[in-house]
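Down below is the structure, laid out as structure tokens.
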Amino acid sequence: MEAESSGGYLFLLLSTSSTNPSSIISALLPTMAPLAPPKPAHPPPANWPSDIHYLTAPFYSNLPPEVTAFVRSKQPPPVHKPNDRVVIQLINNPAHPAHGQRGLFAKKKLEKGELIAWYTGHVHLDPESDPARREQREKSDYDLTLIPKLSTLRPLTSTPEPWSDLGVAVDASQYGNESRMCNDFRGVPVPADAVPQRNSKGKLVAPKSKPNAFFYSVRTTTLTTPKVLNPDLITPVERMNAPKGELRMGIFVLSPEGIAKGEEILISYGKSFWSSRIQNLEG
1 MEAESSGGYL FLLLSTSSTN PSSIISALLP TMAPLAPPKP AHPPPANWPS
51 DIHYLTAPFY SNLPPEVTAF VRSKQPPPVH KPNDRVVIQL INNPAHPAHG
101 QRGLFAKKKL EKGELIAWYT GHVHLDPESD PARREQREKS DYDLTLIPKL
151 STLRPLTSTP EPWSDLGVAV DASQYGNESR MCNDFRGVPV PADAVPQRNS
201 KGKLVAPKSK PNAFFYSVRT TTLTTPKVLN PDLITPVERM NAPKGELRMG
251 IFVLSPEGIA KGEEILISYG KSFWSSRIQN LEG
């Protein structure tokens, strides 16, 4: 999902270096030893696909050590317990775009701003930084940019490092958790009891599906208890550059009224996601 996260890219556009990312990667390759995926802390949830490696923590691989040190937790990682907020279900509605596939549903009432799940997968260099990953991203529906360039978070007074123009992404195509089951809102049928809404001209119109959740990049330590996000309390650099915590992409509740128990959790993959998929079908 090459998504345009609604809020996930609220980065400060600070000064960047003009260094060629490809040359940076070539110089750093000897230090980028692949790692094995971590063993999950608990078994996969019900309806988990057997061909996908289940993760309860990010799978870091093929990253320069300086980049890993910036992204990974600067304190012991949080305890990973089974996610009691969501449940994976098979989509049986023929009118649903994901009919015959899986979707993510609320297991209980979720409040606005509440963390639904961390978007967990294979953490790697962003394809814009690593050309070798570009073809793989084109084939993946689950590759999400965590941060386009580390230099966007570098303080103005700091000295540029050779790795500061590298970006980081998370690919959940082969490794992931419940978050990879979130479907795009487009075309999803609305409930039969949905109430018609009035448009800007006061005319009643049929209700349409809309996202009730969104992506947001944040340090794990900047959330309040019980893991509720309040973007107004922290600036983009503060939430990404906190001295502790792991840099992750979370899926949070968007709807002001929250998400009801049994309701499907829907996000926006972004127009660029669908444009590229249509081009692939036509080409």
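Residue numbers are given in full-length UniProt numbering: position 17 of the sequence shown equals residue 17, and the series is strictly consecutive.
C-beta: ideal position from N, C-alpha, C; glycine also.
If you're wondering where the values come from, they're calculated on a predicted model, not measured in any experiment.
Exercise for the section: Pick out whichever of His96, Phe70, Pro94, Gly262 has its Cα sitting closest to the Cα of Val218. Expected result: The option with the nearest alpha carbon to Val218 is Phe70.
Exercise for the section: Name the two residues that bound the continuous alpha helix (DSSP H) containing Ala69. Expected result: Counting along the chain, the alpha helix (DSSP H) containing Ala69 begins and ends at 65-71.
Practice task
Measuring only between beta-carbons, confirm whether Ala260 sits less than 8 Å from chain C.
Solution key: Absent from the structure: chain C. Only one protein chain is present.
Problem - Coil, strand or helix - Ser217 by DSSP - result: Look at Ser217 here: in three-state DSSP terms it is strand.
Exercise for the section: Can you tell me which of the three DSSP states Arg180 falls into? Expected result: Assigned with DSSP and collapsed to three states, Arg180 falls in helix.
Handout entry: C-alpha distance - residue 291 paired with Ser255, whole-angstrom precision
Key = This structure gives no information on residue 291, because the portion of the chain shown stretches from 1 to 283.
Practice task
In angstroms with no decimal places, state the Cα-to-Cα distance between Leu14 and Pro148.
Solution key: Confidence at Leu14 is low in this model, with a pLDDT of 24, below 50, so the placement of that residue should be treated as unreliable; the coordinate-derived value is given next. Roughly 12 Å separates the two Cα atoms.
Handout entry: Close Cβ partners of Glu264 (< 6 Å) along its chain, the five nearest in sequence each way excluded
Key = Excluding sequence neighbours, Glu264 sits near Gly103, Phe105.
Problem - Which of helix, strand or coil DSSP assigns to Leu146 - result: Reduced to three states, the DSSP call for Leu146 is strand.
Exercise for the section: Find out if the Cβ-Cβ distance for the pair Ala172, Tyr119 is shorter than 8 Å. Expected result: In contact: Ala172 and Tyr119 (Cβ atoms closer than 8 Å).
Problem - Beta-carbon proximity of Tyr54 to Pro40, cut-off 8 Å - result: Yes.
Problem - Cβ neighbours of Gly121 in the same chain (closer than 6 Å, five flanking residues each side left out) - result: The answer, listed in chain order, is Val170, Asp171, Ala172, Tyr175, Gly176.
Problem - Alpha-carbon to alpha-carbon, Leu144 and Ile116 - result: Taking the Cα positions, Ile116 is about 17 Å away from Leu144.
Problem - Those residues which DSSP pairs with Trp118 across a bridge - result: Its beta-bridge partners are Gly250.
Practice task
Would you mind giving the Cβ-Cβ distance between Pro196 and Pro207, rounded to the nearest angstrom? I have them listed as a contact below 8 Å.
Solution key: That pair is a contact at about 6 Å.
Practice task
Thinking Lys108 and Arg85 are a contact (beta carbons under 8 Å), I'd like their distance in whole angstroms, please.
Solution key: Correct: roughly 7 Å between the Cβ atoms.
Problem - Classification of Asn83 by the beta-carbon crowding that lies within 10 angstroms, buried from 16 upward - result: With 16 or more other Cβ atoms within 10 Å, it is buried.
Problem - Ile88 versus Ser179 - alpha carbon distance - result: Rounded to the nearest angstrom, the two C-alpha atoms are 10 Å apart.
Practice task
Measure the Cβ-Cβ separation of Thr221 and Gly250 and say whether it is below 8 Å.
Solution key: Taking 8 Å as the Cβ cut-off, Thr221 and Gly250 do not qualify as a contacting pair.
Exercise for the section: On the DSSP bridge assignment, give the partners of Val123 in chain order. Expected result: Paired residues: Tyr60, Val170.
Problem - Alpha-carbon to alpha-carbon, Asp141 and Ala46 - result: Linking Ala46 to Asp141 through their CA atoms gives a straight-line distance of about 22 Å.
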